[in-house]
Structure formats: C-alpha cells, structure tokens
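What follows is a single structure, written as structure tokens, with notes after it.
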Amino acid sequence: MYRFSNYIDGELVQGAGRLIPVMSPGTGQQIGEIVGVDKSQAEAALEAAKAAFPSWSALTLEQRGEWMKKLAAAVVEEQEQLAEIMAWETGKFIRAARGEVAGLPRSLDFFLTQARSNFDETIHDPAERQLFLSVREPLGVIVAYIAWNFPMGNLSMKLGAVLASGCTAVIKPATLTPLSTLYLGEIMHRIGFPRGVINFVAGTASEVATVLT
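Position one of the sequence shown corresponds to residue -18 (the numbering used here), numbered consecutively onward.
Now the structure itself:
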C-alpha cells in the first residue's frame, strides 16, 4: 500500500491526526493510507509559510525560476510513478493520469513565462499630467484546496502561480485522493526545495480546514 507523509517546513512529517484509508474507485480496494495532521500541525504549516515568505518573495524572479525549473525536472523524472499513484487513487486510465501529470511541469513553465512578461504596467493618462504604474507584488501566504477528481491538474494551476508570484502556500489535498499530492511533497523534499515555501497537509475538514480558513 501507498503511505506518504505530510510535507511541512521542508520536512516529511508524520501526521498526528486521524488514520485515513485511501480506496481505489476502480477496484473498491484499499490502495493506501495516510495519517492526517491535527490542528497544531496545521497551524505549524501556516507558521512555516509565514516565516518563509520574506526570503522567498525577496528572491528575484529568475532565482525563483531556477527552483521552479528544478522542480519541473524532478517531476519529469518521477512522472510515471506520479501517474501510477494518481491512476490508482482516482480510478482514471493510466493514459489520462500521465497526461494530467505531464501538465505540472508545463504549468510551472507557463506561469514563469507569464511572470516575466507581466512584471509591471504603465497606465496612460490622457491628460498627460500623471504617471500611473501597476506593479505586481506577492500577496503573502496562500491557502489552497485541491479537488478530488483532478488532483495533479488542479495542483498544477495553483502551484505555478504561487511560486512564480513569490507567495508561499499551505495546500490541502482532497481526503479521497491525497496520495499524489503528498508524493510531490516527497519529491520537493528530495530536491531540497526551500523550507516552508510550499506545505502539503492532509486530513479531515474538521481538523485541517477549520484552522486554515
């Protein structure tokens, strides 16, 4: 069976919450289990994201981009394993799972490219009396929830935007399909991704969502 840990402050953390079985909708059999975080661990993930924000947002876009490229390359190397895990937990055909996982590195590249091209904007004043500038800056800590039916596809769109913009995040996968997201946390841990920038916490709504929201 698949068993993965939560990813908090750059470390793989065994949950202190409930044991959650993960069932394959395709076979009806249990294919994994996770131990969700408790409220104190959810709070620790938020604090880790807050602590990481000043240093991550202070990096240049190109410096953040190097980490995004490193993560994308690691995902490509683990693409088949990620797809297999996601196929089991969602009940999707392996071809569909492969296509969804392949979207993650493409999404990282897309958001990095968009961030480069939309750094700032000058707004024209018809009277030519003032100069208006629209400057894009990181907002801070983002809390995101992943849909059960497209775990990697949903995560791809959130992760790329968060990293390219200079924000940090706490991300909760759906209880039905948490495995592929938590496995991505293991990948980030292996490549030494900066601590606290991204945190993955699994668990029930009563123990996790009440803290994050």
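For every residue, glycine included, the Cβ atom is placed at its ideal position computed from N, Cα and C. All values derive from a computational prediction rather than experimental measurement.
Our two residues, residue 183 and residue 131, have alpha carbons roughly 16 Å apart in a direct line. The C-alpha of residue -10 is placed about 9 Å away from the C-alpha of residue 33.
With fewer than 16 neighbouring CB atoms inside 10 Å of its own CB, residue 9 falls in the exposed class. For residue 170 and residue 188, the gap between their C-alpha atoms comes out near 24 Å.
A distance below 7 Å between beta-carbons, with the five flanking residues on each side excluded, links residue 24 to the following residues of its chain, in chain order: 192. Taking each of -7, 141, -4 and 12 in turn and checking the Cα distance to residue 2, the smallest one comes out for 12. The C-beta distance from residue 133 to residue 67 rounds to 6 Å, short enough to fall under 8 Å. Within the same chain, and ignoring the five residues on either side of residue 17 in sequence, the residues whose Cβ sits closer than 7 Å to its Cβ are -4, -2, -1, 1, 183, 184, 185, 188 and 189. Rounded to whole angstroms, the gap between the alpha carbons of residue 111 and residue 98 is 24 Å. Every alpha helix (DSSP H) stretch that sits fully inside the region 10 to 85 and reaches 4 residues is listed by chain position as 20 to 39, 42 to 58 and 60 to 71.
The C-alpha of residue 107 is placed about 46 Å away from the C-alpha of residue 174.
For residue -7, the uninterrupted beta strand (DSSP E) run begins and ends at -8 to -6, by DSSP.
Taking C-alpha positions only, residue 41 is separated from residue 4 by approximately 42 Å.
Each of -17, 22 and 38 was checked against the Cα of residue 117, and the nearest Cα belongs to 38. Burial of residue 179 is indicated by the presence of at least 16 other C-beta atoms within 10 angstroms of its C-beta. Residue 172 counts as exposed, since fewer than 16 other C-beta atoms from the protein chains shown sit within 10 angstroms of its C-beta. Excluding the 5 residues flanking it on each side, residue -7 has same chain C-beta neighbours closer than 6 Å at -14 and 170, in chain order. Relative to the Cα of residue 92, the nearest Cα in the group 158, -17, 124 and 43 belongs to 43.
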